[in-house]
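Number of protein chains: 2
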Amino acid sequence: MARTRAAGHAAKDQDIEKSPSLVDGAYAALKQAILDSSFAPGYHASEQEIALRLGMSRTPVHEAVIRLQEDGLVRVLSRRGVLICALAPDDVREIYDVIVAIEGRAAELLADQPDAGREAVAAALAAETEAMSQAWRRGDLPAWGLADARFHKALVERAGNGRMTRIIQTINDQSHRARMLTLKLRRELEASVEEHRAIIAAILEGDPAKALARVHDHRLRARDELLPLLDSFGLKHL
Amino acid sequence: MARTRAAGHAAKDQDIEKSPSLVDGAYAALKQAILDSSFAPGYHASEQEIALRLGMSRTPVHEAVIRLQEDGLVRVLSRRGVLICALAPDDVREIYDVIVAIEGRAAELLADQPDAGREAVAAALAAETEAMSQAWRRGDLPAWGLADARFHKALVERAGNGRMTRIIQTINDQSHRARMLTLKLRRELEASVEEHRAIIAAILEGDPAKALARVHDHRLRARDELLPLLDSFGLKHL
DNA sequence: TTATGCCAACATGCATGCAAGTTGGCATAC
DNA sequence: GTATGCCAACTTGCATGCATGTTGGCATAA
């Protein structure tokens with residue numbers, strides 16, 4: 001998903017379609033497997049074995065693994081196989097700071113647009129927030145999680161900064177398992193909806209400082225609820 | 001330079017030393033060549049040729065190029081060679097937003113420490129700022145640039161977030177050429193020193209919001225001076 | 001029982017060969 | 001002179017072989 005295109009470059013130049021390569025396939029398959037815990041963290045795999053399982057030779061697997069390492073999802077131990085990365089509480093702290101930084105700046109940028117732009121953004125974000133609210137009333141946790149993800153994705157993407165989008169994407173992949181795990185444990189779904197509305201309001205008002213502050217509040221509260229939860233679970237890593 | 005270690009993971013786990021591989025060598029050499037413009041942007045190289053020049057086979061070069069692509073420094077055109085990425089004004093805009101986001105959050109974190117930590121950070125930052133001031137008085141532009149780089153590097157590194165450090169490092173690599181070019185054109189060196197002092201003061205006061213604001217001011221002013229400069233040079237890319 | 005050391009199995013690093021896609025230029029037709 | 005089409009040269013994608021580093025277990029000795 002969206003990982004087909006190359007890295008840099010602010011769009012614009014003609015998108016040369018990349019024919020699907022085995023490397024891309026391996027990258028996607030491995031990432032998927034890691035995200036849905038088919039490869040549990042701490043698992044010690046070998047490129048040979050992965051290659052066999054995916055029906056290709058070691059080369060494309062090796063290259064895919066390099067990319068996954070760059071993404072922080074695995075670690076290549078020279079001549080000792082690849083290790084699926086676990087997430088320590090300290091990683092979660094780091095990840096939240098990155099999110100706060102990037103989403104905060106995105107919110108500032110969004111609140112700094114002309115009226116028409118702000119209204120369009122606010123409408124899009126409000127739609128996702130409404131979906132969250134409804135999912136909450138239905139008690140539909142997965143739907144709530146998806147709508148929440150869409151809200152935050154839109155928040156960053158609408159800022160129109162490809163690098164920020166990419167950073168958030170990478171960070172989201174890293175923290176995917178944590179989100180899945182904690183979705184079931186969270187009590188503050190209602191608070192999230194309210195905070196989202198506050199963010200939207202600040203954007204609509206065209207008040208960058210307030211938008212930034214509301215994003216900070218939202219993410220830091222969520223983090224401060226999440227970390228003790230992980231601790232109480234005795235999870236030193238996940 | 002600090003690119004030897006793997007990606008993720010908040011330090012802590014024992015550092016298994018990686019024996020230097022040809023891939024690492026190729027990565028470092030290529031990056032260096034790109035940063036100092038031995039490979040000019042837009043240059044169309046072939047892996048074969050690079051391999052020959054570095055005295056190794058295509059394989060390690062290919063893998064190094066993958067990493068450079070992940071860093072946004074080159075683009076691999078399938079079966080048509082590798083393209084050294086240029087920087088468009090829009091890229092510069094994106095880059096500054098990322099810097100503002102990350103450095104801003106770093107400054108907040110620094111200002112949120114207990115007294116001792118803040119004072120240590122402030123002292124370190126003040127030392128670099130003093131070096132800038134002296135370099136300015138001597139008219140020593142390169143020294144000014146190095147001290148400025150050290151200031152901003154310390155600002156982020158002292159926040160103790162490996163992911164933020166890595167993001168800034170990547171972004172710095174991407175914008176290296178722009179910095180080198182514009183160092184000669186800048187007039188506002190004195191203003192930078194003053195703004196650095198304001199950032200330090202806010203951190204020392206323990207006022208996160210103010211520290212964030214001062215970083216914003218500093219970077220956005222610099223950006224707004226830089227962009228017209230690039231435009232007036234008629235540089236559509238560099 | 002415990003400690004030591006050797007070794008076979010195994011993992012990746014790297015080189016190289018072959019397959020397939022892309023390009024630029026030359027020959028040809030008009 | 002201009003347009004068309006074909007082909008040779010070139011480039012990467014991928015498979016595979018060999019070299020080398022790592023490991024866990026078994027045999028051996030204390």
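So the protein lines, in turn, are chains A and B.
Under UniProt numbering, residue 238 is the last one in the first sequence; the count climbs by one each step, no gaps.
Under UniProt numbering, residue 238 is the last one in the second sequence; the count climbs by one each step, no gaps.
Where is the CB? At the ideal position from N, CA and C, for every residue including glycine.
Rounding to the nearest angstrom, what Cα-Cα distance links B:Gly8 and B:Arg138 in this structure? Confidence at B:Gly8 is low in this model, with a pLDDT of 38, below 50, so its placement is unreliable and the value that follows should be read with caution. Taking the straight line joining both Cα atoms gives about 41 Å.
Against chain B, with Cβ distances strictly below 8 Å, would A:Ser78 count as a contact? Answer yes: the Cβ-Cβ gap between A:Ser78 and chain B drops below 8 Å somewhere.
Quick one: measure Cβ to Cβ for B:Ile203 and B:Val121, integer angstroms, because I've assumed they're closer than 8 Å. Yes, B:Ile203 and B:Val121 are in contact; Cβ-Cβ is about 6 Å, under 8 Å.
Tell me whether B:Leu101 sits in a helix, a strand or coil according to DSSP, three-state version. Going by the sequence as given, residue 101 of chain B is Ala instead of Leu. Residue state, collapsed to three classes: helix.
Please indicate yes or no: does the CB of B:Pro114 lie closer than 7 Å to some heavy atom of the ligand GDP? Among the components modelled here there is no ligand, and therefore nothing to report on the ligand GDP.
Does B:Ala101 come within less than 8 Å of chain A when only Cβ atoms are used? At least one chain A Cβ lies under 8 Å of B:Ala101.
Mind checking if B:Leu109 is an interface residue toward chain A, Cβ cutoff 8 Å exclusive? Interface residue, yes.
Cβ pair B:Ile199, B:His218 closer than 8 Å: In this structure, B:His218 lies closer than 8 Å to B:Ile199 by Cβ.
Give every residue of the same chain whose Cβ lies closer than 7 Å to the Cβ of A:Leu109, excluding the five residues on either side of it in the sequence, and list them in chain order. Result list for A:Leu109: Ala159, in chain order.
Cβ-Cβ distance between B:Met56 and B:Ala26 below 8 Å: Contact flag set, yes.
Counting pairs of beta carbons, one from the segment 145–158 of chain A and one from the segment 124–131 of chain A, are three or more of them closer than 8 Å? Enough Cβ pairs lie closer than 8 Å, so yes.
For the segment 125–199 of chain A, which segments carrying the alpha helix (DSSP H) assignment without a break, of at least 4 residues, lie completely within its bounds, in sequence order? Here the runs fully enclosed are 141–157, 162–183.
Relative to chain A, which residues along the segment 159–177 of chain B have a C-beta separation below 7 Å, given in chain order? If the cut-off is 7 Å between Cβ atoms, the segment 159–177 of chain B has Asn161, Gly162, Arg163, Met164, Ile167, Gln174 near chain A.
For A:Arg75, report the span of its beta strand (DSSP E) as first-last. Element bounds for A:Arg75: 74–76.
Can you tell me which residues form a DSSP beta bridge with A:Val82? Answer is A:Ala45, A:Val76.
If A:Arg58 sits next to B:Asp97, beta carbons under 8 Å apart, how far is it from one beta carbon to the other, in whole angstroms? Wrong, their Cβ atoms sit about 40 Å apart, outside the cutoff.
If we define contact as Cβ-Cβ less than 8 Å, is A:Arg187 a contact residue for chain B? Judged by the 8 Å Cβ criterion, A:Arg187 is not in contact with chain B.
Starting from the beta carbon of A:Val193, find every residue of chain B whose beta carbon is closer than 7 Å, and list them in chain order. Near A:Val193 there are no residues of chain B at all, since even the closest Cβ is about 25 Å away, more than 7 Å.
With A:His229 as the anchor, note down where its alpha helix (DSSP H) starts and where it stops. For the sequence presented, residue 229 of chain A should be read as Leu rather than His. Element bounds for A:Leu229: 208–232.
What is the C-beta distance between A:Pro89 and A:Asp231, in whole angstroms, given that I count them as a contact (C-beta under 8 Å)? 7 Å between Cβ atoms; contact.
Report the rounded CA-to-CA distance for B:Ala64 versus B:Asp24, giving the unit in angstroms. Their Cα atoms are separated by approximately 7 Å.
Cutting at 6 Å between CB atoms, please list the residues of its own chain near B:Pro208, excluding the five before and the five after it. These residues qualify, in order along the chain: Glu108, Ala111, Asp112.
Whole-number beta carbon distance between B:Gly162 and A:Glu94, since they are thought to touch under 8 Å: For a cut-off of 8 Å, the C-beta gap from A:Glu94 to B:Gly162 is around 6 Å, short enough to register as a contact.
Is it the case that the Cβ atoms of B:Ile102 and B:Met164 are separated by a distance below 8 Å? Their beta carbons are under 8 Å apart, which means B:Ile102 touches B:Met164 by this criterion.
Nearest candidate by alpha-carbon position, reference B:Gly117, set B:Glu205, B:Lys210, B:Ile50, B:Arg214: Between B:Gly117 and the set B:Glu205, B:Lys210, B:Ile50, B:Arg214, the nearest pair of CA atoms involves B:Glu205.
Exposed or buried, what is A:Glu190 when buried is set at 16 or more other beta-carbons lying within 10 Å of its beta-carbon? Residue environment for A:Glu190: exposed (fewer than 16 other C-beta atoms within 10 angstroms of its C-beta).
Check each residue of the segment 197–224 of chain A: if its Cβ is closer than 8 Å to any Cβ of chain B, include it; give the result in chain order. Residues passing the 8 Å Cβ filter: none.
Own chain partners of A:Lys184 with C-beta closer than 8 Å, once the 5 adjacent residues on each side are dropped: Excluding residues within five positions, the ones whose Cβ falls inside 8 Å are Leu141.
According to DSSP, simplified to helix, strand and coil, what is B:Gly117? Helix at B:Gly117.
Just the Cα atoms here: how many angstroms apart are B:Arg79 and A:Leu22? Taken atom to atom, the span from the alpha-carbon of B:Arg79 to that of A:Leu22 is near 14 Å.
Under the three-state DSSP convention, the category B:Ala40 falls into: DSSP places B:Ala40 in coil when its eight states are reduced to three.
Roughly how many angstroms lie between the CA atoms of B:Ser192 and B:Arg221, to the nearest whole one? Spanning the two alpha carbons is a distance of roughly 9 Å.
Just checking: is the beta-carbon of A:Val65 within a distance shorter than 8 Å of some beta-carbon in chain B? A:Val65 is outside the set of residues whose beta carbon lies under 8 Å from a beta carbon in chain B.
Compare the C-beta of B:Asp24 against all C-beta atoms of chain A and say whether one is closer than 8 Å. The beta carbon of B:Asp24 does not come within 8 Å of any beta carbon belonging to chain A, so the residue lies off that interface.
Judging by CA-CA distance, which residue of A:Ile84, A:Trp136, A:Ile167, A:Gln48 is the nearest neighbour of A:Arg187? Comparing Cα positions, the closest option is A:Trp136.
Does the beta carbon of A:Val156 sit closer than 8 Å to a beta carbon anywhere in chain B? By this cut-off, A:Val156 is not an interface position.
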